[in-house]
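Enquirer:
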Amino acid sequence: MKPPKFRYVAPKTLDEAVEHLASDPDAKVLSGGQSLMPLLAMRLAAPSILVDLQHVPGLDGIDDQGSSVLIGAGVTHREIERSDVIAQRLPILSSAVVHIAHPQIRSRGTFGGSTAHADPSGEWPTVLLALGATMHAVGPRGRRTIEADNFFVGPFTSTLDEDEILTHVSVPTTRTAWSFQEAAVKRGDYGLALVAATGIPRDGQLSEARVAVGAAVGSVRRLTDVERLLSQGPVTDALAEEAAVTAAASIDPISDIHGNSEYRRKLVATLVRRAVLELKNGA
Amino acid sequence: MSTTPEERLDVSMTINGRRYRSTVEARRTLADFIREDAQLPGTKLGCEHGVCGACTVLLDDLPARSCLTLAVQAEGRQIRTVEGLADGQELNTLQRAFREQHGLQCGFCTAGFLMTATALLEENATPTREDIVETVSGSLCRCTGYQTIVSAIEQAAAEGQNVTNGDDQ
Amino acid sequence: MKKLDKHQHMNTPVVAARSVGTRVLRSEDPRLLTGRGQFIADIDLPRQLHVAFVRSPVAHARITNIDLSAIRDADGVALAWSGKDVAAFCEGLVGEMAVEGCVPTTMPLLAGDEVLYVGEPVAVVVAESRYAAEDACELIDWDFEELPAVINMDAAAAGGPVANPQLPDNIGLNGGASFGDVSAAFDQAAQIVEGRFYTCRVSAAPMETRGVIADYEWASKTLRLWSNTQMPHYLKYMLTAYLGFPEQSVEVITPDTGGGFGMKAHVYPEEMLLPLLAREVGRPVKWIEDRRENLVAGAHAHEQYVDIAYALDADGKIAGVRTHALGDGGAYHMPPWSMAVEPWCAVVMTPTGIYDVPAAEYTYKAAATNKTPVGAYRGVGYMAGTFARECLADDAARALGMSPFEFRRHNVVREFPWTNPQGIVYQEGSWRQTIDALEEMVDYTAFLRRQAELREQGRYIGLGLSCFVESSGESSATSLEHGLADVYHDTATVRLNPNGTANVTIGLSAQGQGLATTMAQMAADTLGIKVEDVSVQTARSTDHAYGSGTIGSRGAVVAGGAVARAADVVREKVRQVAAHMLEASTDDIELVDGLASVRGVSDASVSIADVATAIYFDLDSWPEDFEPSLEATQAYDPSQAMFSNGGHAILVELDAETGFVRFEKIYSVEDCGTVINPNIVEGQIRGGVLQGIGASVFEELAYDESGQILTTTFLDYGLPTMDVAPPFEIHHLETPSSHSASGVKGMGESGLIAAPAAVLNAVNDALSPFGVVLRELPLTPEKVLDAMSFAKTASRPDEGQ
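Protein chains in written order, with the working numbering: chain D, 1 to 283; chain S, 284 to 452; chain V, 453 to 1253.
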């Protein structure tokens, strides 16, 4: 299991990186490499050029900007795990990060890499969708921002163009009610189902709820029916149960050797119920 | 390093305090560089897709899968491998604890456990059993049933990482 | 039944235990802990080339065209062969077992006209590096017509599409036997309990994959073959028999090996191909299997159905047992064990277990399918057979309203020697004591109370029991006892050096069992010297001692016997010279604690080191007519089959919302006779039980309907990790064997043999409020949650918990 041949470059500036990426349709960005390397080893990916971002300045840093935290794409999972800013301002990220593989992966894998990879089983896509984060990208046509709702569009597919680089993610801190739930058989396994839920607590009620599901479905998505339900009144045990039933009815879960769709449907219902109850406590 | 994409590159890194240089293919994994170019075969390859943990080394003091890192990504970095753990020609505290607790059988996965545990103990000298399990669960062992590995790391923590002991039995 | 004639090499000396029984730290460890172990991937020969295989991506197809010209033209490629190229040298490996109803197959080294399973080697490439070899493999140009893939063993056994043209009715094995009046037992039964149990297809998945290096020197016709095999001498024999390499010039070298568990106890096509490639290219060639290859082309294991029925009399005693095993053998018989390794072993070795059953009947069948051949994995057949028997015991206990402990105690054999209906003789055992010990360890009354309390809170815990009897020390006698005629004997060489230290060589290769340490303990006690003064070489080269393979829980027993016998010859020399030096009779000399002493005379002694020095350098110390070699090679084979026994009780909790099975605690009782080294015995138990947990809950090699294997990485084939591994409480019983050196019995397989039954029984115990009994592995969260959703009595756990 050895990677196929490719060319490699480690540019020193973002412009240079964009240039290399645009130079060949099969050029790919290399960040931590923790998702890409297994694909290369299995020869399921065959990039022509790998553009290593490790020496590109400005992709690091966790910057508290008040109503949001700006997280550099090159920030590792490990840095998020140990960040006081994240723990205080975005505790849902601290809660989710320990579910990402293992410490040996978290030390290398990056926030931006995992986000751009758009793995339906990925913790960050699910969490960022639930938080309504904003992606900052740069490409040959300049800079742009993409809302999470418009970013994750399919399994391993984002709306980032082939020649664009994700540089930062702006994560709102206003959603102080939150819950992250993951069902995985063993520590570090890909989850069988993930649910992230957030909202803004207001007068003992929850407003602007966002609920996202991952792993159990083909690509991460919001559960808008559940969100509507949550905005209809105070969060109670009965509402949590209704949310679970609604969630189960509104998804079309995947079926594979790790769990069939009916099983995953039950799991999502359970996780949604747990998430809503936790939101209640947050609210 | 070159500013144009290359298929072969010069790479240089420090492993266990010694500088290693070579010209390698871009696709060469750090694991293969360590094992073959640097001739330090104590780092093992058990799966080559980042699950088993046998290839774990310390990359700038953090545990990392050397099969999931390219050699060229480690340009200029500091690497530590199992060959660098012993205290002179004596087992260090952690290695001795593994022996005393029977924390290894075939020994193929052992380097990965030792390196992950080393990083853990350097960051947290008094880990709980739960801390150990959380940190070390990313390595697979097919022989021991794991309990004696946890016990060995607990023992090493209790004895202190920096104390070495040449007592052989 | 034919009995074994008694031979000289079956006697072992009686010695005082000094290091035997103690927790001697392993001599292997310093090397392995510092990265100084030398595993096969760590060995590089000058001028070596690297090998990679093109493997079939489809389950069953006819090859209509294969063109390797692009591969041969690729950068760095020295050689590429397809099946046609290799058939000239070797038609393939015949697989069969000498049991009734076994139809042999011949497995080609590279596929011929048809590929029969995903992962079957189709072409081989030799290149400058593994990277280059893999690059070249991608250039394969071949055409094939897909044929129907036979993937279901029930359907295969019934006929229909043919999986392997060599087995036109898909049957690789079919037979059976009956002992005692089974029909009467069932006709007169007060109650019959029966069930069909399924053990899923798994991989031994040692952390180190397989590997082979071959180096051939044509001028001297010398072949050196490195392989991490469990059977180096057998491999050497096969290289001679199949490929014609001159036996006297073939050396098989086994380096440090990263676990084998049976997967490495076969002779594989790759091991036969590498020497041919080395000879062809005139350079050493090296192949290190990658994990994907290991999961698709290393022997698979276990997959079979076992139908079992007990006839229970009015008293709740098992009056008869009927067992039928149907194995999914995969596409070929895997040499040397064949498809018989699972279904035949399951029904022949295990139906009575610890129970005093007077009549037994069995049938066995193996169906060929278009899947990877099934071979050996720790406790072959024993695992599936024990699983069916012990889970049925729980069904019987439930049917009779008895506790699992009571039912077992009610039926357990109490007097030894005991002869089972097949005529297999069990000399001794602590079968009843195992049940009692486990019941006490788990505090069953307290458990039942806690279980009831937790159920009130919507939590579901369960306790599962499983008792085993394991044939150990695989020998000619064991083979005969089970109706086979395999011959086993192993040698060891012991040399006492001038300063009173010893070197020992054994014929068994080691895969992590600590044989270098336990054999040093055996030699040290026999020679009367310190264990740290003994250095042991396990079978690193076939140029030294002979061995029949590290299989069948035989290492400690068989190598131990050979070491003790060889050391005893040297010991006699030392005693003779010591007697001469001390002016005493040889009969009165004892060798203990580094001294040769005259029995009963406190100050009459000389150090063993001084005696050794004298034998090498001082003619005056010699008695008359003395032969001074302090090196002896002796063989050993136990005179009778021997059986270890024990049991496990496993405590689980089921998560009613996710179906996850959490393992809370393992209680293990092991009786392997005299324990050489408790650390090592306990290590074998923990590791084996965790493999059993893996095979019960976490692991399954899955195929889709087209015969495509879906579990080709460790992401999809999930081994148990540290976070799911429970703590253990281990209790040793010691019922020594009357006929092995020091009373040792083998125990390397018992954890995997017996744990799955305990896991299923525990899960079924936890599921008892739901009225569901599961019988098929693996116990996936999906199956468990389904079971828990089944019953009306189920109530969701209190949300506030």
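Every residue gets a Cβ at the ideal spot worked out from N, C-alpha and C, and that includes glycine.
At least one CB of chain V closer than 8 Å to the CB of Ala183(D): is that the case?
Expert: Interface residue, yes.
Enquirer: Quick one: residues in its chain with C-beta nearer than 7 Å to the C-beta of Thr110(D), no 5 flanking neighbours on either side, listed in chain order?
Expert: Ser31, Gly32, Ala73, Gly74, Val75, Thr76.
Enquirer: Based on the DSSP output, what are the partners of Glu383(S) in its beta bridges?
Expert: DSSP output for Glu383(S) lists no bridge partner at all.
Enquirer: Determine contact between the segment 640-653 of chain V and the segment 750-760 of chain V, defined as no fewer than three beta-carbon pairs at a distance below 8 Å.
Expert: Yes: at least three Cβ pairs fall under 8 Å.
Enquirer: Name the two residues that bound the continuous alpha helix (DSSP H) containing Cys589(V).
Expert: Here the alpha helix (DSSP H) through Cys589(V) covers 582-589.
Enquirer: Name the DSSP beta bridge partners of Cys919(V), please?
Expert: Cys919(V) is bridged to Gly1099(V).
Enquirer: Can you tell me whether Ala493(V) is buried or exposed, with buried defined as 16 or more other CB within 10 angstroms of its CB?
Expert: Result: buried.
Enquirer: So, using beta-carbon positions, are Leu14(D) and Val138(D) closer together than 8 Å?
Expert: It is a contact, given that the beta carbons lie within the stated cut-off.
Enquirer: Any idea if Asp451(S) is buried or exposed, counting beta-carbon neighbours within 10 angstroms, 16 or more meaning buried?
Expert: Residue placement at Asp451(S) is poorly supported in this model, since its pLDDT is 37, which falls under 50; the coordinates still yield a value, given next. Under this definition Asp451(S) is an exposed residue.
Enquirer: What number of angstroms, rounded off, separates the C-alpha of Glu331(S) from the C-alpha of Ile317(S)?
Expert: So the alpha carbons of these two residues sit roughly 14 Å apart.
Enquirer: Could you pull the DSSP bridge partners for Thr145(D) from this structure?
Expert: BP columns for Thr145(D) point to His136(D).
Enquirer: I'd like to know if the segment 1115-1127 of chain V and the segment 1089-1102 of chain V are in contact, where contact means that at least 3 CB-CB pairs between them fall below 8 Å.
Expert: Yes, the segment 1115-1127 of chain V touches the segment 1089-1102 of chain V.
Enquirer: Across the segment 522-538 of chain V and the segment 418-431 of chain S, are there enough close Cβ pairs to call them in contact, namely three or more that are closer than 8 Å?
Expert: Cβ pair count under 8 Å is below three, so no.
Enquirer: Along the chain, where does the alpha helix (DSSP H) containing Gly395(S) start, and where does it finish?
Expert: Its alpha helix (DSSP H) spans residues 393-406.
Enquirer: With contact counted as at least three CB pairs below 8 Å, one residue from each stretch, are the segment 380-393 of chain S and the segment 699-714 of chain V in contact?
Expert: Counting Cβ pairs under 8 Å, three or more are found: they touch.
Enquirer: Give the single residue among Pro560(V), Pro721(V), Gly627(V), Asn872(V) whose Cα lies nearest to the Cα of Asn616(V).
Expert: Asn616(V) has its Cα closest to that of Pro560(V), out of Pro560(V), Pro721(V), Gly627(V), Asn872(V).
Enquirer: Just to confirm the assignment, what range does the beta strand (DSSP E) spanning Met296(S) have?
Expert: Here the beta strand (DSSP E) through Met296(S) covers 291-298.
Enquirer: Who are the Cβ neighbours of Met462(V) in its own chain at under 7 Å, not counting the five residues just before and after it?
Expert: Excluding positions up to five away in sequence, the list reads Asp1089, Pro1090, Ser1091.
Enquirer: So, under 8 Å CB-CB, Val1050(V) and Ile1041(V) are touching, yes? Tell me the CB distance rounded to an integer number of Å.
Expert: Right, their Cβ atoms sit about 6 Å apart.
Enquirer: What do you reckon, are the CB atoms on Ile958(V) and Ala937(V) nearer than 8 Å?
Expert: Against a cut-off of 8 Å, the Cβ pair of Ala937(V) and Ile958(V) comes out as no contact.
Enquirer: Taking 8 Å as the threshold (beta carbon to beta carbon), is Tyr583(V) in contact with chain S?
Expert: Yes, contact with chain S.
Enquirer: For chain D, is any of its Cβ atoms less than 8 Å away from the one on Glu405(S)?
Expert: Closer than 8 Å: no.
Enquirer: Tell me, which residues are paired with Cys554(V) by DSSP?
Expert: Note: Cys554(V) sits in a beta bridge opposite Leu625(V).
Enquirer: Could you tell me which whole beta strand (DSSP E) segments of length 3 or greater appear in the segment 518-571 of chain V?
Expert: The segment 518-571 of chain V contains these whole beta strand (DSSP E) runs: 529-534, 545-547, 557-559.
Enquirer: State yes or no: is the beta carbon of Leu292(S) nearer than 8 Å to at least one beta carbon in chain V?
Expert: No, its Cβ sits nowhere closer than 8 Å to a Cβ of chain V.
Enquirer: Less than 8 Å separating the beta-carbons of Leu960(V) and Asp942(V)?
Expert: Yes, these two residues count as a Cβ contact at 8 Å.
Enquirer: Should Phe899(V) and Thr838(V) be called a contact, given that it needs their Cβ atoms to be closer than 8 Å?
Expert: No, the pair does not count as a contact, with Cβ atoms beyond the cut-off.
Enquirer: Check distances from the C-beta atoms of the segment 348-379 of chain S to those of chain D and list, in chain order, the residues that come in under 8 Å.
Expert: Listed by position, the residues of the segment 348-379 of chain S near chain D (Cβ gap below 8 Å) are Arg348, Cys350, Leu351, Thr352, Leu353, Val355, Gln356, Glu358.
Enquirer: Can you pull out the residues from the segment 1098-1116 of chain V whose beta carbon lies closer than 7 Å to at least one beta carbon of chain D?
Expert: If the cut-off is 7 Å between Cβ atoms, the segment 1098-1116 of chain V has Glu1109, Thr1110, Phe1112 near chain D.
Enquirer: Is the Cβ of Arg1138(V) closer than 8 Å to any Cβ of chain S?
Expert: It does: the Cβ of Arg1138(V) has a partner Cβ on chain S nearer than 8 Å.
Enquirer: So, does the CB of Pro346(S) fall closer than 8 Å to a CB anywhere in chain V?
Expert: Chain V, which has no Cβ nearer than 8 Å to the Cβ of Pro346(S), makes this no.
Enquirer: Give the straight-line distance between the Cα atoms of Arg273(D) and Leu403(S), rounded to the nearest whole angstrom.
Expert: In a straight line, the C-alpha of Arg273(D) is about 35 Å away from that of Leu403(S).
Enquirer: Which same chain residues end up closer than 7 Å to Glu366(S) when comparing Cβ atoms and leaving out the 5 residues on each side of it in sequence?
Expert: Hits under 7 Å: Asn299, Leu323, Gly325.
Enquirer: Between which two residues does the beta strand (DSSP E) holding Asp26(D) run?
Expert: Where Asp26(D) is concerned, there is no enclosing beta strand (DSSP E), given that its DSSP letter is neither H nor E.
Enquirer: Since Ser420(S) meets chain D, which of its residues come closer than 8 Å, beta carbon to beta carbon?
Expert: What Ser420(S) touches in chain D: His102, Lys186, Arg187, Gly188.
Enquirer: Can you list, in chain order, the residues of its chain whose CB lies under 8 Å from that of Leu764(V), leaving out five sequence neighbours each side?
Expert: Counting only Cβ-Cβ distances below 8 Å, and skipping sequence neighbours, we find Ala641, Ala642, Gln643, Ile644, Val645, Ile770, Ala771, Ala848, Ala851, Leu852.
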